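For the sequence shown, the residue numbers in our numbering are 330 to 455.
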Amino acid sequence: MNWELYKNFKAEEFACQHCGKEGISENLVSNLQNLRTYLDFSFVVSSGYRCPDHPIEAAKTEPGMHATGLAVDILCRGTEAYKIVTNACDYGFTGIGVSQNGNNRFIHLDIATQADGKFRPTVWSY
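1) Are the beta-carbon atoms of HIS437 and GLY446 separated by less than 8 Å?
2) For SER376, count neighbouring C-beta atoms within 10 Å of its own C-beta (all shown protein chains included) and say buried if the count is 16 or more, exposed if not.
3) Work out the CA separation of SER371 and HIS347 for me, nearest whole Å.
4) Does the Cβ-Cβ distance between ALA388 and PRO381 come in under 8 Å?
5) Among the residues of its own chain, which have a CB less than 6 Å from the CB of TYR367, if the five just before and after it don't count?
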């Protein structure tokens, strides 16, 4: 992937936090950069790709969208969270998960399709 195309992001932001492996989808990063450019505020990536041995993925019965490189979690709250959620579909995101309780506030965005075995588009809360 040519990271020079994505002026607001770096490869290490999306690498697995368990092993450091890169596996994020270029389509996801492109969509995220376009959304970031439109909204004009910084995005803090808290989770991108997760290897199968990542503790969160290892605890699941089947791999999640992070394990396929099709998902990202963005730390945000309040107005910024609202703007991300209300604009994400316009930038190709098909799965939107909202966590806005307590100290762990984030928005999950993914680009999964029905071909990936996921009902999309959809929105959920944690």
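Glycine included, C-beta positions come from ideal geometry on N, C-alpha and C.
None of these values were measured; they are calculated from a predicted model.
Considering the structure as presented:
1) The answer is no: Cβ separation not under 8 Å.
2) Counting other Cβ atoms within 10 Å of its Cβ, SER376 reaches 16 or more and is therefore classed as buried.
3) For the pair HIS347 and SER371, the Cα-to-Cα distance works out to about 24 Å.
4) No, they are not a contact pair.
5) So no residue of the chain qualifies.
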